[in-house]
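Working notes, beginning with the structure itself.
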Amino acid sequence: MKFPVLIPNIFDHPFTYSSDINLNVGDYVEVPFGKKKINGVIWNEFEQNQSKKFRLKKISKKLEVTPLKKTTIDFLNWFSKYNIVPKGMTLKLHLLSNQAIENKTNSNFSDYESTIKKSNYKLNDEQLKCFTNLSKKNNKFCVNVLQGTTGSGKTMVYFNLIKDKIKQNKQALILLPEIGLTREFEKKFIDFFGFRPAIWHSGVTPKNKKHIWNGLSGGKIKAIIGARSSLFLPFEKLGVIIVDEEHDQSFKQDEGVSYNARDMAISRASYENIPIHLISAVPSIETYNNIKKGKYFSHRIVKRYKNAKLPEYELIDLKTEKKNKNSLLCEKVISKVKNHLKQNDQVLFFVNRRGYSPFIICKKCLKNFTCPRCSINLVYHKIINKILCHYCGYKKELVEICKVDNERCEFVYSGLGVEKILEEVKKNFPEKKTAIFSSDTINEKNSQKELQKIINNEIKILVGTQLISKGFHFPNLNCIVILDIDFASRGYDIRSLEKTVQLYHQLSGRAGREGKPSKVYFQTINKKNNMISHIINPDPYIFLEKELELRKKFKLPPFERFVSIVISCKDSRMSEKIAFDLVTLLKKKTEGNILGPVNAPIYKIRGKYRNRILIRSNKNINIQSQILNTVKKFKLPPQIKLSVDVDPINFN
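Quick note, the sequence shown lines up with residues 119 to 770 if you use my numbering.
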């Protein structure tokens, strides 16, 4: 008998094999491919247009793995078409290092035994109302949006929804945007449910991943907290999907296979016919638009849990306030922070840039430092005395001989970074214990220890980047000083303002979560900055409504589909030529409005020159299919890499 077998590679179709074994769609098998043996899945369609007849190879064996469900196969087929990704690469996302994990009778899943304890948490009136309404829509596919100000207790609402599913012997998936959030979130989960969830992200060991993959496939594990990739795991009986911080741009996978995990989660929920709940303080524009169109159901919590007050806001105008010479902090900010410290409050200075300075120049020879592999400035990290590229990882020590006098360069450090602010903080508050909170300092090895020090108020002053805005609960944090508001919302994409409002709204919500009076200070040179008014407005839907009107006026997403194509090559002339040739073909073969090619804003990354093409189209047109058919006919030289990003978020 003939069987179509999809294998995890760059091909967009299954391969035909023969077998005497009785096999069904979804069975995992081992097959010979080239000189190797590889795992694959019996697919639901044969390869089309087989012009040549080949002697069929035989399937080596059937693997002892719970078969892949038809709904999952349908989802993976849809994912492939929507994101213009070969089916084999889509299967690669599902398998673990290209392997299906066979069932083992001696596997022990007692660590994940889902015996739910009685919870001590009681929902308040607002939470209970949302839970009751969401429970009515918790049995079949629908998209619910739970919007609530930070600290309103949204997590407890969806924990109760998950509890109902686990009691029905179903599985729950909670998607989080950042790996750094999983440890704290796991503690919160255990405290509520009384058992451990599985954790899934790039930092989990291969051994544990095999155990979890197997446990989910066999239905032994009931709850998983994961990053984007957990969406492709082999759930036996998935009952609900939660996307926490659904607006977060970290859900967008930009490298390798590009996709938005939030949107793909909605699709998977549709194929599984299960509910999905999108959680956010400030929903994405796309989500808000779908609420307005009636496609998503909106549920809102207005007040904070236990009626804790939202922080008050104060603008400190650098044009009128006294500023110490050579200081980044004005006297009023220093005075305000001292008052908070006297009240035993924790203080956060926020600047959304890692390192010490993003731009370095020698004032004698005027030499500046750019990455040799990328067309961006190197960032100086003073703590390690190195200049780093945050794109390719290139780094070197900052020691240079000046061309003017053969002595050492005299550097000028331009721009703000957390390390520079830390210097200022130590200079003004020398007796207080301080720490940087960024992805450079908070990692898997030390995160638990550092977080506990912050929670215990042992660290009095934090200097942080956007990482600190994402879901952490610091009970003593009652003062936030925002130092970079004048430089925010600058970027290469149409979502800059939306992302900035979401970030600073989340950040403000870190303050005053235990009910003590709290304050957020904006140190600014522009008190009339419209963005500040959007941030301090307690109703984010007002901003979203205005932004949506603007997008509609200029026919921007979500009112049009955007598809980005990037051509990259080590030879800049070849990259440009291929990009122009592809544009010529796309204009003939697709109905979209083709823009470009142009040099990408970051023209070179990892030694490759990049040319960008942007395709805009009406959402009623199946533009992905047209692009796929065009690209298939286009002869691409082996030196060229072509990347396609449907619904791009970044335009770097």
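The beta carbon of each residue, even a glycine, is placed where N, CA and C say it ideally should be. The structure presented is a predicted model; accordingly, all values stated were derived computationally and were not measured.
{"query": "First and last residue of the beta strand (DSSP E) that includes Glu515?", "result": "513 to 515"}
{"query": "Kindly indicate the opening and closing residues of the beta strand (DSSP E) around Cys597.", "result": "595 to 600"}
{"query": "Are the CB atoms of Gln744 and Thr708 nearer to each other than 8 Å?", "result": "yes"}
{"query": "Got a sec? Which residues, its chain only, sit under 6 Å from Tyr276 by beta carbon, not counting five neighbours each side?", "result": "Ile360, His395"}
{"query": "Take Leu459 as the anchor and find which of Pro766, Tyr727, Ser556, Asn596 has the nearest alpha-carbon.", "result": "Asn596"}
{"query": "Indicate the three-state DSSP secondary structure (helix, strand or coil) for His417 in the structure shown.", "result": "strand"}
{"query": "Span of the alpha helix (DSSP H) holding Arg301?", "result": "300 to 311"}
{"query": "With 16 other CB atoms within 10 Å as the buried threshold, where does Arg679 fall?", "result": "buried"}
{"query": "Nearest-angstrom Cα distance between Phe677 and Phe350?", "result": "28 Å"}
{"query": "Apart from the five residues just before and just after Ile586, which ones in its own chain have a Cβ nearer than 6 Å to its Cβ?", "result": "Phe555"}
{"query": "In chain order, which continuous runs of the alpha helix (DSSP H) of length 4 or greater are located wholly inside the stretch 418 to 505?", "result": "449 to 460"}
{"query": "Going by C-alpha distance, which of Lys441, Lys283, Ser493 is nearest Ile392?", "result": "Lys283"}
{"query": "For Glu430, count the other beta carbons within 10 Å of its own beta carbon; 16 or more makes it buried, fewer makes it exposed. Which is it?", "result": "exposed"}
{"query": "Any chance the stretch 147 to 159 sits against the stretch 121 to 134, with 3 or more Cβ pairs inside 8 Å?", "result": "yes"}
{"query": "What does the alpha-carbon distance come out to for the pair Ala606 and Phe467?", "result": "15 Å"}
{"query": "Consult DSSP for Pro324 and reduce its assignment to one of helix, strand or coil.", "result": "helix"}
{"query": "In chain order, what residues of the same chain have a beta carbon less than 8 Å from the beta carbon of Ser347, not counting five sequence neighbours either side?", "result": "Leu211, Trp318, His319, Ser320"}
{"query": "Across the stretch 660 to 678 and the stretch 713 to 733, are there enough close Cβ pairs to call them in contact, namely three or more that are closer than 8 Å?", "result": "no"}
{"query": "Determine whether the beta carbon atoms of Ile419 and Val263 lie at a separation below 8 Å.", "result": "no"}
{"query": "Please determine, among Pro185, Ile478, His508, Cys448, the residue with the shortest C-alpha to C-alpha distance to Arg472.", "result": "His508"}
{"query": "Would Glu667 be called buried (16 or more neighbouring beta carbons within 10 Å of its own) or exposed?", "result": "exposed"}
{"query": "With three or more C-beta pairs closer than 8 Å as the rule, is the stretch 433 to 448 touching the stretch 641 to 648?", "result": "yes"}
{"query": "Measure from the alpha carbon of Leu446 to the alpha carbon of each residue in Ile579, Ile539, Ser137, then state which is nearest.", "result": "Ile539"}
{"query": "Can you tell me which of Lys258, Val530, His417 puts its alpha carbon nearest to the alpha carbon of Thr267?", "result": "His417"}
{"query": "Rounding to the nearest angstrom, what Cα-Cα distance links Asn287 and Asn495 in this structure?", "result": "53 Å"}
{"query": "Excluding the 5 residues flanking Gly269 on each side, which residues of the same chain have their C-beta closer than 7 Å to its C-beta?", "result": "Arg422, Tyr423, Ala426, Gly627, Arg631"}
{"query": "Three or more C-beta pairs closer than 8 Å, one from the stretch 289 to 296 and one from the stretch 366 to 375: is that the case here?", "result": "yes"}
{"query": "Pop quiz: Ile560 and Gly298 are said to be a contact at Cβ under 8 Å. What is the actual Cβ separation, rounded to whole angstroms?", "result": "6 Å"}
{"query": "Once the 5 residues before and after Val400 are set aside, which same chain residues still bring their CB inside 7 Å of it?", "result": "His365, Val619, Gln620, His623, Pro658"}
{"query": "Taking only the alpha-carbon atoms, compute the straight-line gap between Ile339 and Cys527 and give it to the nearest angstrom.", "result": "59 Å"}
{"query": "At the level of alpha carbons, what is the spacing between Asn195 and Gly533?", "result": "47 Å"}
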